[in-house]
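Take a look at the structure below.
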Amino acid sequence: MNENRRQILEMLAAGKITADEAERLLTAIEPGSAPAQGESIGRAGSSSGASGETVGPPKSRSKYLRVLVQADESMSGIKGGTTVNVRVPLQFLRAGVRLASLIPAQAHGQLDEAFTKHGVPITLSQIKPENLEELIDHLDDLTVDVDGNDGKTVKVKVFCE
Amino acid sequence: MTPNLAVLEIRAPHWHMPRLWLPLFLLWIPVILLSPLILLVFVGAGIAFRTNPWRAIAVFWQMLCTLPGTDVRVTADGTHVFVKIL
Numbered sequence: 031m032n033e034n035r036r037q038i039l040e041m042l043a044a045g046k047i048t049a050d051e052a053e054r055l056l057t058a059i060e061p062g063s064a065p066a067q068g069e070s071i072g073r074a075g076s077s078s079g080a081s082g083e084t085v086g087p088p089k090s091r092s093k094y095l096r097v098l099v100q101a102d103e104s105m106s107g108i109k110g111g112t113t114v115n116v117r118v119p120l121q122f123l124r125a126g127v128r129l130a131s132l133i134p135a136q137a138h139g140q141l142d143e144a145f146t147k148h149g150v151p152i153t154l155s156q157i158k159p160e161n162l163e164e165l166i167d168h169l170d171d172l173t174v175d176v177d178g179n180d181g182k183t184v185k186v187k188v189f190c191e
Numbered sequence: 002m003t004p005n006l007a008v009l010e011i012r013a014p015h016w017h018m019p020r021l022w023l024p025l026f027l028l029w030i031p032v033i034l035l036s037p038l039i040l041l042v043f044v045g046a047g048i049a050f051r052t053n054p055w056r057a058i059a060v061f062w063q064m065l066c067t068l069p070g071t072d073v074r075v076t077a078d079g080t081h082v083f084v085k086i087l
């Protein structure tokens, strides 16, 4: 149990705060609470620390983005199938997002229009490094199955490690 | 840290290239020699595209420094390609 949580519970036990106030305080400290010795914060989407359980490292500690693509022979049309395994440092992606800020303002409109035309409705000027952090935090273990015409699928796995 | 080495390996069913360790740090020699020209290119491009050339240099430098750790493995048609940047 971390120090903040202990203090809140002690205040509740001493009658200094009500149960409702304690609940609000516990909820408030939950996302940013520092882990105590031997305890770690859970991954995004999993329960964190409330029951004292020790779970995996937080996403912010992830260093790499791994993309695995597995296509069998029938899907890729290549004998023996195709396997792609790419590991990219997350710092490289963060720097890449900053690259978008170098695109001249007058080109943003044209790029947004081209993206929308090709089925990717995004606004380039709104992509910020913070968005990438948010994406990484929520990227637990994404698997995309791309269906082919004959019922075969290509598996695309994306995760941070 | 900037990339110092690149490892390249290509394996085909009937042909096998020995793993190559490419000394990327040696590229610093031509880069340093050509640095005035590279700087001019960045400044020229910055003026042409109305972007801050110093910011562009900073972003490219950041991208260069974050390249180590990149690992690409592709297997298709019995051919295996492996690229790693250290």
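Top to bottom, those sequences are chains A and B. Be aware that the first sequence starts at 31, since it is given in the numbering used here, and climbs by one per residue. Be aware that the second sequence starts at 2, since it is given in the numbering used here, and climbs by one per residue. Note that CB positions come from ideal geometry on N, CA and C, so glycine has one too.
Item, Value
"Arg-117(A) versus chain B: which residues are under 8 Å apart at the beta carbon?", "Gly-70, Thr-71, Asp-72, Val-73"
"Using a Cβ-Cβ cutoff of 9 Å, what residues of the segment 127 to 153 of chain A are near chain B? List them in chain order.", "Arg-128, Leu-129, Ser-131, Leu-132, Ile-133, Pro-134, Ala-135, Gln-136, Ala-137"
"Applying the criterion that 16 or more other CB atoms from any shown protein chain within 10 Å of the CB defines a buried residue, is Val-32(B) buried or exposed?", "exposed"
"Checking contacts by CB at 7 Å: is Gln-121(A) closer than that to chain B?", "yes"
"Suppose you measure from the CA of Thr-57(A) to the CA of Ala-43(A); what does that come to, to the nearest Å?", "18 Å"
"Exposed or buried, what is Pro-24(B) when buried is set at 16 or more other beta-carbons lying within 10 Å of its beta-carbon?", "exposed"
"Which value, in whole angstroms, describes the spacing of the CA atoms of Leu-21(B) and Ala-130(A)?", "34 Å"
"Please decide whether Val-114(A) counts as near chain B, where near means a Cβ-Cβ distance under 7 Å.", "yes"
"Hey, could you find the ends of the alpha helix (DSSP H) Val-32(B) is sitting in?", "29 to 34"
"Going straight from the alpha carbon of Ala-7(B) to that of Val-84(B), what length do you get?", "7 Å"
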